[in-house]
Amino acid sequence: MSITQAQKTALITGASSGIGFACAELLAKQGYKLILISRRASKLETALQKLRPYGVDLYPMALNLCETDSAEKVFAFCKEKGLKPDMLICNAGMNRVGSLSNTSPEQITDILNLQVVNPTLLCRYFGREMKRARQGHIMIVSSLTAYTPYPTLSLYAASKRYLHQLSKSLAAELKPYHINVTNLCPGGVETDFFIKKGNFIRIAGRLHLMKQAREVAVKG
381 MSITQAQKTA
391 LITGASSGIG
401 FACAELLAKQ
411 GYKLILISRR
421 ASKLETALQK
431 LRPYGVDLYP
441 MALNLCETDS
451 AEKVFAFCKE
461 KGLKPDMLIC
471 NAGMNRVGSL
481 SNTSPEQITD
491 ILNLQVVNPT
501 LLCRYFGREM
511 KRARQGHIMI
521 VSSLTAYTPY
531 PTLSLYAASK
541 RYLHQLSKSL
551 AAELKPYHIN
561 VTNLCPGGVE
571 TDFFIKKGNF
581 IRIAGRLHLM
591 KQAREVAVKG
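Numbering-wise, the sequence shown is residues 381 to 600 according to my numbering.
This is how it looks when you write it as structure tokens:
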């Protein structure tokens with residue numbers, strides 16, 4: 381992350397912990413106003429307490445991005461607050477370890493809404509505003525699983541491959557408008573995603589290398 385201009389605005393999904401919070405903290409140090417989207421209000425409040433000492437404007441929104449209309453709600457929230465993000469970080473993610481045949485239709489819909497549909501819509505809504513402003517930065521968090529088949533992670537890996545290709549295509553599409561699109565593809569990261577429900581033990585060995593969230597955010 382190299383943008384350092386003060387009083388710019390960044391919107392981050394999955395902002396209460398892990399890579400999302402690490403990005404928020406780095407940007408707060410640079411003076412960014414932050415729009416923070418997270419599913420759990422309690423974790424979001426904890427993140428806010430850690431960010432308030434930086435003295436930047438914070439705009440929290442507790443929202444489940446698995447819901448079909450959540451991207452529209454985020455866009456409406458920004459309009460209501462008079463906010464136009466200069467940076468969009470699509471970081472929110474989830475997974476269910478297990479075979480696709482044992483994954484319920486509801487779980488499939490949730491993962492695809494969170495990691496395919498709503499990131500795409502957020503890029504559309506805020507990308508249009510960035511095009512009008514002829515500047516901006518979109519960062520989409522994918523994964524090393526985008527490059528390699530992973531049994532029991534098939535839906536997660538497929539959605540991350542989609543995000544990887546979306547980033548590459550958007551980068552070319554938006555370049556004439558001076559909009560930078562980057563794709564962050566971390567391997568294993570020491571976040572709640574891996575640690576909770578035993579995911580850490582089952583996945584870490586496959587990914588071979590664990591990183592700190594802040595280290596990954598700096599690379600982004």
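All C-beta atoms, glycine included, are put in the ideal place defined by N, C-alpha and C.
Burial is judged here by how many other beta carbons sit within 10 angstroms of a residue's own beta carbon; Ile-559 has at least 16 and is buried. Asn-563 and Asn-482 have their C-alpha atoms some 30 angstroms from each other. Secondary-structure assignment with DSSP links Tyr-439 through a beta bridge to Ile-415. The DSSP-derived three-state label of Cys-470 is strand. Taking Met-474 as reference, the option from Gly-435, Pro-465 and Val-521 with the minimal CA-CA separation is Val-521.
Between Ala-402 and Leu-431, the gap from beta carbon to beta carbon reaches 7 angstroms or more. Under the DSSP assignment, Val-521 falls in the beta strand (DSSP E) whose first and last residues are 516-521. Collapsing the DSSP output to three states places Val-454 in a helix. If you look at Ala-390, you'll find it in the beta strand (DSSP E) that goes 389-393. The C-beta of Leu-480 has fewer than 16 other C-beta atoms within 10 Å across all chains shown, which makes the residue exposed. Ser-396 places its beta carbon 7 angstroms or farther from that of Leu-438. For the pair of segments examined, the region 510-518 was found not to touch the region 487-499: the number of CB pairs separated by less than 8 angstroms stays below three. Looking from the CA of Thr-393, the closest CA among Arg-419, Tyr-412 and Gln-410 belongs to Arg-419. Cβ atoms of Leu-502 and Ala-451 come within 8 angstroms of each other, at about 5 angstroms.
Scanning its chain for C-beta atoms nearer than 6 angstroms, with the 5 sequence neighbours on each side dropped, one finds around Tyr-530 the residues Ala-537, in chain order. Annotated three-state conformation of Asn-444 is coil, per DSSP. Cβ neighbours of Thr-525 within its own chain (closer than 7 angstroms, five residues either side excluded): Leu-533, Tyr-536, Ala-537 and Lys-540. When DSSP assignments are scanned along the region 524-572, the uninterrupted stretches of alpha helix (DSSP H) that are 4 or more residues long and fall wholly within it turn out to be 534-554.
Assigned with DSSP and collapsed to three states, Ser-479 falls in coil, not helix or strand.
Here DSSP, grouped into helix, strand and coil, assigns Gly-462 to coil. Under the three-state reduction of DSSP, Asp-449 is assigned to coil, being neither helix nor strand.
In the three-state scheme derived from DSSP, where H, G and I count as helix and E and B as strand, Arg-420 is classed as coil.
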